[in-house]
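*Asks:*
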Amino acid sequence: MASLDAHGVASLLREYAQRTALRGGNPYRAKAYSRAAASLAALAVPLDVLVAEDRLTEIPGIGDAIADIVTKVHKTGSHPNLEKLRKEIPAGVLEMLALPGLRPEKVLRLYKDLGIGSLSELEAAAKDDRIKKAKGLGAALQTKILQNLAIAKSGEGRLHLHRAAALLAHAKDSIRKSRPELKRVTIAGDFRRGCELVGDLEIVAEAAKPDKTSTPSADGLQIRVSDRKHFGAALLFATGSAGHIEQLQALAAEKRLRLGGDGLHKGRMLIAGEEAEIYRALGLPFIDPELREGRDEIEAALKGKLPKLVTDEDLRGILHCHTDASDGTETLETMAKATRQRGFEYFGVADHSKSAHYAGGLSVEEIAQQHREADRLNKRFGKDFRILKGIESDILADGSLDYDDDVLERFDFVVASIHGRFKLDRKAQTQRLLRAISDPHTTVIGHMTGRQLQRRPGYEIDVEKVLRACAKHDVVVEINAHPWRLDLDWRWHQAALEFGCMLSINPDAHSIPELDHMHWGVLMARKGGVPADRVLNAMTLAEITRYLRQKRRSLARAA
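Mapping the sequence shown onto UniProt numbering, position 538 (from 1) lands on 538, and the numbers just tick up by one.
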């Protein structure tokens with residue numbers, strides 16, 4: 001038989017991952033197969049070339065063992081181990097593994113105990129109350145299944161930003177190596193727009209002649225090749241969004257022009273082919289890709305009211321990070337040094353508070369010990385870098401903060417966050433947050449809605465009321481940069497700005513690599529139209545020290 005292409009192999013490797021997960025044993029093996037499958041689906045070079053040149057291990061997530069599996073599947077269309085696994089579980093059962101929060105062992109129970117063999121059967125069983133009556137499953141699982149079915153449908157086929165970034169970076173590198181004649185290899189699609197979940201892996205490249213055969217594929221990576229004259233228009237259309245393009249086309253029509261994927265035309269004459277030229281010819285300044293959602297960006301551009309968006313370079317320090325004193329992996333010293341090496345001026349440690357037993361929350365004695373260590377390190381760092389002493393204080397069920405006031409007063413800043421009791425009703429959860437915001441010790445509200453993308457929805461709150469309270473009490477709103485959170489949702493950033501809130505882009509880092517989550521937070525802030533002068537950690541060390549000192553003086557006056 002003919003060898004399988006990358007998409008065919010990716011499909012079988014994904015199935016192999018799912019069946020391995022259902023078999024049990026080492027969970028990391030199944031995850032490794034799944035990551036490798038995603039990398040294959042976004043391959044920019046024909047798989048047979050990589051196999052022939054023994055270059056499979058260049059692909060992210062593919063080592064020697066998985067390379068052997070890929071080679072066999074590519075050449076034969078299957079794998080002996082996969083064929084064995086297929087005899088154990090029907091194909092429909094695999095669909096249920098795509099449901100957030102439904103672990104393989106529960107999927108097996110649903111199949112073996114209730115005979116549920118597909119996602120549609122699972123939905124029907126949940127709606128018919130069959131799951132909550134089953135021993136070992138119950139009402140809580142049934143409620144979670146119904147809730148997460150909606151999450152699965154809304155995020156179907158989309159990747160978290162950091163995962164899409166890795167695939168697209170590898171694709172760009174592969175294209176440059178395999179097709180050196182292509183120039184301006186540029187990432188487009190919803191990744192370029194900074195969307196929190198990425199569905200379209202798109203790349204636009206320039207060639208001497210347009211590639212007539214370059215059409216989008218049904219899934220995986222899409223490569224569009226254009227000539228120099230039309231490259232900008234191709235990039236514009238590949239970036240989207242559809243709503244933004246439609247509004248540009250409507251504006252062009254008002255000016256008796258025609259905007260298409262081949263550029264901006266007046267009659268038969270091409271008058272603009274580069275992105276910036278197209279905007280300029282339409283009487284617009286260049287609109288940053290993150291803003292192109294077909295909302296009010298065209299109107300704002302026409303009025304000269306587009307914001308100057310925050311950039312990575314604007315950030316001067318990092319707040320809300322964890323160390324091995326709670327649930328992080330590194331010491332305070334190691335995290336601070338890694339932050340300094342990245343060019344930042346301050347590191348805001350914010351380990352978990354005492355009620356967070358699950359995360360090694362700090363006792364009062366451990367706080368004193370950490371503060372002594374921070375003082376010791378700050379003497380060594382000198383005037384150009386400083387550890388700021390913070391805490392991520394749990395917001396308790398009644399809205400009060402963890403620790404007594406005399407303990408909270410010892411910190412430079414307090415990030416107040418909800419980590420439990422997510423099921424309170426909208427009014428009670430809102431009141432809980434409002435009380436925490438009104439506490440004069442609160443500096444920042446962390447991950448305000450508690451959402452985890454493709455895992456769980458946020459808890460129900462009146463976001464507008466909470467934002468207004470933050471503005472009233474001078475409490476900063478966090479943009480949590482962890483790619484699973486990205487909370488507060490960018491769609492609320494403009495409201496926060498209009499109400500008068502400051503925002504802070506925080507990595508919620510638990511390790512050194514997670515310090516670089518800051519970039520995803522910047523993308524979200526840009527998408528929300530946030531300028532640097534409204535970002536707390538765009539302040540210099542001197543400025544934020546003064547800001548936090550004034551906050552503490554206000555606290556002392558209130559006392």
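In this text, a Cβ means the ideal position worked out from N, Cα and C, and glycines have one as well.
(1) Look up V477 in the DSSP assignment and give the residues it is bridged to.
(2) Looking at I203 and A188, is the spacing between their C-beta atoms short of 8 Å?
(3) State yes or no: is the C-beta of L515 within less than 8 Å of the C-beta of I318?
(4) What are the uninterrupted segments assigned as alpha helix (DSSP H) that are 4 or more residues long and contained completely in the segment 392-465, given in chain order?
(5) Once the 5 residues before and after D312 are set aside, which same chain residues still bring their CB inside 8 Å of it?
(6) Which residue wins for smallest C-alpha separation from R451, given the options I445, L488 and L94?
(7) Ends of the alpha helix (DSSP H) at D375?
(8) For A272, report the span of its beta strand (DSSP E) as first-last.
(9) Per DSSP, A205 forms a beta bridge with which residues?
(10) Name the DSSP beta bridge partners of I287, please?
(11) Span of the beta strand (DSSP E) holding A350?
(12) Could you work out which residue in G343, V530, S511 and E409 is closest to T329 when comparing CA atoms only?
(13) With a Cβ-Cβ cutoff of 8 Å, do H441 and R410 count as a contact?
(14) Beta strand (DSSP E) containing R158: first to last residue?
(15) For a test of the three-state rule: what should DSSP assign to A44, helix, strand or coil?
(16) Can you give me the start and stop residues for the beta strand (DSSP E) that K266 sits inside?
(17) Alpha carbon to alpha carbon, how far is H320 from I69? Give it in angstroms, no decimals.
(18) Can you tell me where the alpha helix (DSSP H) with H7 in it begins and where it stops?
(19) Rounded to whole angstroms, what's the CA-CA distance from L22 to L13? Just pull it up for me.
(20) Taking 6 Å as the limit between beta carbons, can you name the residues of its chain near A397, skipping five residues before and five after?
(21) Rounded to whole angstroms, what is the Cα-Cα separation between D129 and D324?
(22) Measure the CB-CB distance between V416 and L401 and report whether it falls below 8 Å.
(23) Note down the Cα distance separating S120 from N537, rounded to an integer number of angstroms.
(24) Secondary structure at P104, three-state DSSP: helix, strand or coil?
(25) Alpha carbon to alpha carbon, how far is L282 from Q247? Give it in angstroms, no decimals.
(26) Hey, is the segment 76-87 in contact with the segment 52-63, meaning 3+ C-beta pairs nearer than 8 Å?
(27) What does the Cβ neighbour count give for E392, buried or exposed, with the cut at 16 atoms within 10 Å?
*Replies:* So, to answer that:
(1) Partner(s): I445 and L503.
(2) Going by C-beta atoms, A188 is nearer than 8 Å to I203.
(3) In this structure, the beta-carbon distance from L515 to I318 falls below 8 Å.
(4) Counting only runs of 4 or more, we get 405-408 and 426-438.
(5) Non-local beta-carbon contacts of D312 in its own chain, meaning distances under 8 Å to residues more than five positions away in sequence, involve M518, H519 and V522 in chain order.
(6) Here the closest residue by C-alpha is L488.
(7) Residues V364 to F381.
(8) Under the DSSP assignment, A272 falls in the beta strand (DSSP E) whose first and last residues are M269 to A272.
(9) Answer by DSSP bridge pairing, in chain order: V225.
(10) For I287, which the question treats as bridged, DSSP gives no partner whatsoever.
(11) Per DSSP, the unbroken beta strand (DSSP E) holding A350 starts and ends at Y346 to H352.
(12) Taking the Cα of T329 as reference, the smallest distance to any Cα among G343, V530, S511 and E409 is reached at S511.
(13) No, Cβ-Cβ distance for H441 and R410 is not below 8 Å.
(14) Annotation for R158: no beta strand (DSSP E) segment contains it, and DSSP assigns it neither H nor E.
(15) Coil, per DSSP.
(16) Here the beta strand (DSSP E) through K266 covers G263 to K266.
(17) Rounded to the nearest angstrom, the gap between the Cα atoms of I69 and H320 is 42 Å.
(18) Here the alpha helix (DSSP H) through H7 covers A6 to R23.
(19) Using only the alpha carbons, I get a separation of about 14 Å.
(20) So the qualifying residues of the chain are R421.
(21) Straight-line Cα distance between these residues: approximately 44 Å.
(22) Note that residue 416 corresponds to Ala in the displayed sequence, not to Val. At a Cβ-Cβ threshold of 8 Å, A416 and L401 count as neighbours.
(23) Roughly 47 Å between the two C-alpha positions.
(24) Note: P104 maps to helix in three-state DSSP.
(25) Answer to the nearest angstrom: the Cα atoms are 11 Å apart.
(26) The segment 52-63 and the segment 76-87 do not touch, with fewer than three beta-carbon pairs separated by less than 8 Å.
(27) It counts as buried.
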